[in-house]
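Written below as structure tokens is the structure these notes are about.
Right, here's the structure in full:
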């Protein structure tokens, strides 16, 4: 389990507390990837902390934490996530029939309404436009 961290450690500590209380699947290993936070993540019993030398953003923090994962399944959680006491069990059970897969839980806002957090993978057309955009700087040159 990898939790990227930056900023106030309180939300991350709350999440870790909730994860330790999971029924019946308590995570065996919790890794906090501190992304060069101005407030370093404190030493916490049962938590491995990897501190990045400089801030690289969410993806870099995830990658730094994932380098330590040695299991076939990994869970990446935002540090401010609030989870119920059967979150890990429920997520693993829902994902099991789809393996290998990248899955995510249905998130809800404070009022209980579902939130959409997915992203569309880029299409070939989207990737082509992104690749060709830097070439636009040459459009005014005579050939």
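In full-length UniProt numbering, the protein residues as written are 1 to 143. C-beta atoms are modelled at their ideal positions from N, C-alpha and C, and glycine is treated no differently.
Environment of residue i [buried if 16+ CB atoms lie within 10 Å]
i, result
"residue 77", "buried"
"residue 129", "exposed"
"residue 19", "buried"
"residue 52", "buried"
"residue 75", "buried"
"residue 12", "buried"
"residue 65", "buried"
"residue 68", "exposed"
"residue 16", "buried"
Opposing strand residues paired with residue i [DSSP bridges]
i, result
"residue 50", "33"
"residue 4", "33"
"residue 169", "Residue 169 cannot be examined here, being either before or after the span of the chain that is shown, 1 to 143."
Reduced DSSP category for residue i - H, G, I as helix; E, B as strand; rest coil
i, result
"residue 100", "coil"
"residue 57", "coil"
"residue 123", "coil"
beta-carbon residue i near the ligand SAM non-hydrogen atom, thresh 7 Å
i, result
"residue 30", "The ligand SAM is absent from the structure shown, which contains no ligand whatsoever."
Any C-beta of chain B under 8 Å from that of residue i
i, result
"residue 95", "Absent here is chain B; the protein component of the structure consists of one chain."
(request) Evaluate the contact criterion for the stretch 100 to 118 versus the stretch 40 to 52: three or more CB pairs, one atom per stretch, below 8 Å. (result) no
(request) Please go through the stretch 10 to 47 and give each complete beta strand (DSSP E) segment of 3 or more residues, from N-terminal end onward. (result) 30 to 34
(request) May I ask you to verify whether the stretch 81 to 89 touches the stretch 21 to 29, counting CB pairs closer than 8 Å and requiring at least 3? (result) yes
(message) For the structure I just gave you, are there three or more beta carbon pairs, one from the stretch 55 to 74 and one from the stretch 27 to 36, closer than 8 Å?
(response) yes
(request) Return the chain-ordered ranges of every alpha helix (DSSP H) run that is complete within the stretch 68 to 96 and spans a minimum of 4 residues. (result) 87 to 95
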